[in-house]
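Shown next, in C-alpha cells, is the structure this report addresses.
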Amino acid sequence: SIYDFYFLKQGGGHWYTWTEYITKEEENIPADAKVSELIIPTMETARQSFFLKTYLDHEIPMLFIGPTGTGKSVITNNFLFRLPKNTYLPNCINFSARTSASQTQDIIMSKLDRRRKGLFGPPIGKKAVVFVDDLNMPAKEVYGAQPPIELLRQWIDHGYWFDKKDTNKLDIVDVLLVTAMGPPGGGRNDITGRFTRHLNVISINAFEDDILTKIFSSIADWHFGKGFDVMFLRYGKMLVQATMTIYKAAAENFLPTPSKSHYVFNLRDFSRVIQGVLLCPHTHLQDVEKFIRLWIHEVYRVFYDRLIDHEDRQVFFNTVRETTSNCFKQSVEKVLIHLSPTGKIVDDNIRSLFFGDFFKPESDQKIYDEITDLKQLTVVMEYYLEEFNNISKAPMSLVMFRFTIEHISRICRVLKQDKGHLLLVGIGGSGRQSASKLSTFMNSYELYQIEITKSYSGNDWREDLKKVMLQVGVASKSTVFLLTDNQIKDESFIEDINMLLNTGDVPNIFPTDEKADLVEKMQMAARTESEKIEATPLSMYNFFIERVKNNLHIVLAMSPIGDTFRNRLRMFPSLINCCTIDWFQSWPTDALELVANTFLEDVELDDNIRIEVISMCKYFQESVRKLSLDYYSTLRRHNYVTPTSYLELILTFKTLLNRKRQEVDMMRNRYLTGLQKLEFAASQVAVMQVELTALQPQLIQTSEETAKMMVKIEGETREADAKKLLVQADEEEANAAAATAQGIKV
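Residue numbers in the sequence shown follow full-length UniProt numbering, run continuously in steps of one, and reach 746 at the last position.
Spelled out as C-alpha cells, the structure:
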C-alpha cells in the first residue's frame, strides 16, 4: 500500500520503500553494544524517524499513538539525542496520573534561558524540543479538564504562560513539541480535541509477526555469532518463535482483572526473555538441551512469576510444554528428565530449575549458568546469609527453604541485568525485604533505604533521592534502592519513582548551586575515565543521568491487599512496564477451612472456585500469624492477627464479588438490550427490502406506461396545436367579416 513507501523529491522524484531509508550503519550492531540499549532498525522505526525529522524541520507539533512496547518513546528519545547538539536541546517529560500543571511548567522552564524580561527560550541559535511521553496519563479534574494538557494548549494557542508568582506574561519562543501516548483505557484518558487539533497525529500499530521476528532474530544472530557453535544460529530463530508463542498465549489467556491487575504483558516482556537467554556466555552453553532449559527458565521468570493462582500456572505450564515440542522439536520430559525421578514432568518440578551467577561465591568471575546441585545451593545460600550477618548491623534470621531460595534467585537474576528493576508483590512479612537485602549483598551492591519518622516530609524524601542519585551517578556505585509500600507516606513518592524508572532523572531535584557542583564532579569523573564527552553543563548532566540509569536498581515491595496496589498500577504504568514482577506466595494450611466454608456457603460459586477461594483465605491468615510470631521473637514487638481480620477478609471478598457480579449483570443486560435493538432494526430493514423488491416490477410497468402516455400526449399536443392554428385563422376571418358587416350597418 501507499504506507509502505515514501516519496523523495529529488530530480524528477522517486518512490522508495521504508527499508531503503535505513542506513547500513544503523543495521550494524557494535560488538560491545548493550542488549538493553539496542534499537533494531525496521520499517516502523524508519517511518517514525522520517516523520520526526520532517515535522521538526517544519516546526510542526506531533503526537504518536500506539500500544505499549512499540518503540514510541525509545525511538523518539534516540532520535532526539542524536540531533545536532549545537542546534537542538531535548527536554523529555513523563506524565503520570499525578502530574500537575505547575510541575509541567517548572520542568519546561528549567531548560529555558531568560532572553529579556518576559521572554524565554533556549540559548540563541538553538531550538528546544519538548518530548512529552504518556501524554494522556494526567487524571481529569472535577470538570473533566487535564491541567497539564491545558497548560500545553495555552502555549500552543497563544505562545505564552503566566508567571506563577506575579502573573506576568512569559513569552515562550523557539520551542518545539513532540508527544506520545497509549490508547485510552486502563488509567489513560481521552484528551481534549482542542489540544489534539494542533498536533499531527501518527498512529503506530502493534508490530506484525514478521517485524517482531526481524527485531529479535537480529539480536539473537548478533549474540550467537560471537563464539557459539553454528547450530545456535538456527536455534536462535527457534528461540524467537517460541518466545513469541508464549508471549501471545500469555496476553490471550491471562487477562487483567481487579485481583490480577498486574496481568499486563507487552513487548518489554518479550525483550526480557531474550535478554535473559543472552546472559549465559558461549563457554557455558554448548548443548541444545541446556539451551532449551535456559529458555524455559527465562519465560518462567518473566511470565510465570507474576501468576497468582494454580489454574493460571497450570495453563502456563501446558503452554510451555506444547511450545517446547512444537518449536524446538523436543519434549519437556527429555529436556528436564533430571528434575523428576518418575520421568513425568509436572509444573511443580520446574521449581527445581535454577540458573544464576552466585553458585561459586569464591569466584571473581560471575557467570550465569545452570545450577543442578540443589543441596549445595542451599549450602551456598546459607554461606551468603552468614557472611551478610557477619557485617550487617541488622542480622537476619532466615531459614533457607525452597521458597526463600527461589525468590532470592529471581531477584539476583534481575539485578544482574542492565537497568533491572523489580516489583515484589506479597502480603506484609512474606520476606520481600529480607530476600532483597540478601540478593543485594550477593551481587556486591550497595543497599539504600529511607528511614521513616513521624516528621518525615516531602523535603526529606527529596534529600534521600539526591543522596542515592549522587551515590550511583557521581560515585558510580551500583546500588539497590529498596522501597516498601509502608514507607510511601505520600503518592508524590511514587511519582518520583515513576520518573526515575522512565528517565533516570527527577525534574528540578537539584537547585542551581548543587547542580553546578554536580556538573563539576562529573567533569572530573569524565576526565578520570577518559570519556569523550562535551564539557558543557548539559552534556555533563546527561552523563550523570546515564550513570544513574546504569547503576541504580529500584526494588519496590508492595502488598496486593486493598485498592492501593491496583490504583498505583493504573496511575503509574511504569511500575509494570519497567519492572520485572515477582509475586510472593504464602504457605497454605487447612486450619481455617471450616470457618471459610461456612461463611461462603451462601455465595453462589462453582465448587472448584469455592475451594480455591477458601484456600486463598486460609493462607493469608495463617502465614501472617506465623510471621508475626517470628517478628515478636526477633524484635519483641506484637503484631496482632485476630479472627476478625480473617472474617473481614472473607466479607470483603463477598462484597467485591457481589458488586462485580452486579456490574457484569448490568453490562450483560445492556449488551442484550443492544442486541435486541439491533435485531429489531435488522428485521425492519429486511421487511422494507422485501417490500421494495415486490414494488420493483410495478415501478417498471408504471414507468413504461408513463413513457407511452408521454408519447401519446406529445402526438395529441401536436394535433391540437395544428387545429389551434386553423381555429385562429378562422377566427381572424370571422373578425374581419364582423368588422365589414359593422361598417355596412353604420
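Using N, Cα and C, we set each Cβ at its ideal position, and we do this for glycine too.
Q | Cutoff 7 Å; reference ILE191; Cβ partners in own chain excluding five residues on either side | A | LEU135, ASN136, GLN146, ILE149
- Does DSSP put PRO588 in a helix, in a strand, or in coil? Its pLDDT being 38, under 50, PRO588 is placed unreliably by the model, and the measurement read from it follows with that caveat. Three-state result, PRO588: coil.
| said: Determine whether the beta carbon atoms of ASN94 and ASP57 lie at a separation below 7 Å. | reply: no
Those residues which DSSP pairs with residue 799 across a bridge
The first residue shown for the chain is 1 and the last is 746, placing residue 799 beyond what the model contains.
Count the other C-beta atoms from every protein chain shown that fall within 10 angstroms of the C-beta of ALA591, then say buried if there are 16 or more, exposed otherwise. Residue confidence is low: ALA591 scores 37 on pLDDT, short of 50, so the model does not pin down where it sits. Its coordinate-derived value is still stated next. Result: exposed.
- Query: What three-state label does DSSP hand PRO90 in the structure shown?
  - Reply: strand
Query raised in the report: For residue 764, which of helix, strand or coil comes out of DSSP?
Result: Any property of residue 764 remains undetermined from this structure, which presents the chain solely from 1 to 746.
Please state the DSSP three-state secondary structure of ASP269.
Reduced to three states, the DSSP call for ASP269 is helix.
Quiz item: The alpha helix (DSSP H) with LYS214 in it runs from where to where?
Solution: 209–224
- Message: Does GLN742 pass the burial test, meaning 16 or more other C-beta atoms within 10 Å, or should it be called exposed?
- Response: With fewer than 16 Cβ atoms within 10 Å of its Cβ, GLN742 is classed as exposed.
Check: Would the region 292–303 and the region 237–244 be scored as touching if the rule is three or more Cβ pairs under 8 Å?
Finding: yes
_Taking 8 Å as the cut-off, does the region 514–521 touch the region 534–543 (at least 3 CB pairs, one atom from each stretch)?_
yes
Check: Could you give the C-beta distance for ARG351 and ARG432, rounded to a whole number, given that I count them as a contact under 8 Å?
Finding: Actually they do not touch by this definition, with Cβ atoms about 19 Å apart.
Item to check | Beta-carbon proximity of HIS284 to ASP357, cut-off 7 Å | outcome: The answer is no: Cβ separation not under 7 Å.
task = Give me whichever residues DSSP pairs with TRP583 in a beta bridge.
result = VAL425
For ILE609, the nearest candidate out of VAL332, PHE653, GLU20 (CA to CA): Of the candidates VAL332, PHE653, GLU20, PHE653 places its Cα closest to the Cα of ILE609.
Problem - Nearest-angstrom Cβ-Cβ length linking HIS553 and HIS421, presumed shorter than 8 Å - result: 6 Å
Could you check which residue in ARG547, LYS34, LEU83, LEU423 has the C-alpha nearest to that of THR54?
-> LEU83
For the region 377–388 against the region 432–447, do three or more pairs of beta-carbon atoms, one drawn from each stretch, fall closer than 8 Å, so that the two count as touching?
yes
Notebook entry, point to check: Helix, strand or coil: how does DSSP classify SER530 here?
Noted result: DSSP places SER530 outside both helix and strand once states are collapsed to three, so it counts as coil.
Return the residue from the list LYS677, GLN701, LEU678, LEU605 that minimises the CA-CA distance to ARG661. LEU605
Original post:
Is PHE79 buried or exposed, if buried means 16 or more other CB atoms sit within 10 Å of its CB?
Top reply: Using a 10 angstroms sphere on the CB of PHE79, the tally of other CB atoms reaches 16 or more, which defines it as buried.
Using a 10 Å radius around the Cβ and a threshold of 16 neighbouring Cβ atoms, would you call TRP587 buried or exposed? Because TRP587 sits at a pLDDT of 48, beneath the cut-off of 50, its placement in the model cannot be relied upon, and the following sentence gives the value as read from the coordinates. Looking at its Cβ environment, which holds fewer than 16 other Cβ atoms inside 10 Å, TRP587 is exposed.
message: Considering Cα atoms alone, identify which of ALA734, ILE650, MET558 is closest to GLU601.
response: For the options ALA734, ILE650, MET558, the alpha carbon positioned closest to that of GLU601 is the one of ILE650.
What number of angstroms, rounded off, separates the C-alpha of SER504 from the C-alpha of GLU546? Inspection of the sequence shows that residue 504 is occupied by Gly rather than by Ser. Cα to Cα, the separation comes out at about 7 Å.
Problem - Which listed residue (PHE584, GLY125, ARG188, THR453) has its alpha carbon closest to that of ALA139 - result: ARG188
Self-check item: alpha helix (DSSP H) segment containing GLU495, residue limits
Solution: Unbroken alpha helix (DSSP H) run through GLU495: 491–503.
Verify whether the separation of the beta carbon atoms of LEU482 and GLN449 is less than 7 Å.
yes
Original post:
Along the chain, where does the beta strand (DSSP E) that runs through PHE64 open and close?
Top reply: First-last of the beta strand (DSSP E) with PHE64: 62–65.
task: Can you grab the Cα-Cα spacing for the pair ILE561 / PHE162, in whole Å?
output: 43 Å
Let me check understanding here. Comparing Cα to Cα, which of LEU212, THR257, MET571, VAL315 lies closest to ARG268? ARG268 has its Cα closest to that of LEU212, out of LEU212, THR257, MET571, VAL315.
Requested in this report: May I ask you to verify whether the region 628–637 touches the region 657–677, counting CB pairs closer than 8 Å and requiring at least 3?
Outcome: At 8 Å Cβ cutoff, the stretches do not touch.
So, with DSSP's three-state summary, where would you put THR68? Note: THR68 maps to coil in three-state DSSP.
Could you compute how far the alpha carbon of VAL727 sits from the alpha carbon of MET709? 26 Å
Going along the chain, which residues of its own chain have a beta-carbon closer than 8 Å to the beta-carbon of GLU495, five neighbours each way excluded? SER96, ARG98, THR99, PHE572
Would ASP312 and PHE232 qualify as a contact pair, given that the criterion is a beta-carbon distance under 7 Å? Cβ atoms of ASP312 and PHE232: not closer than 7 Å.
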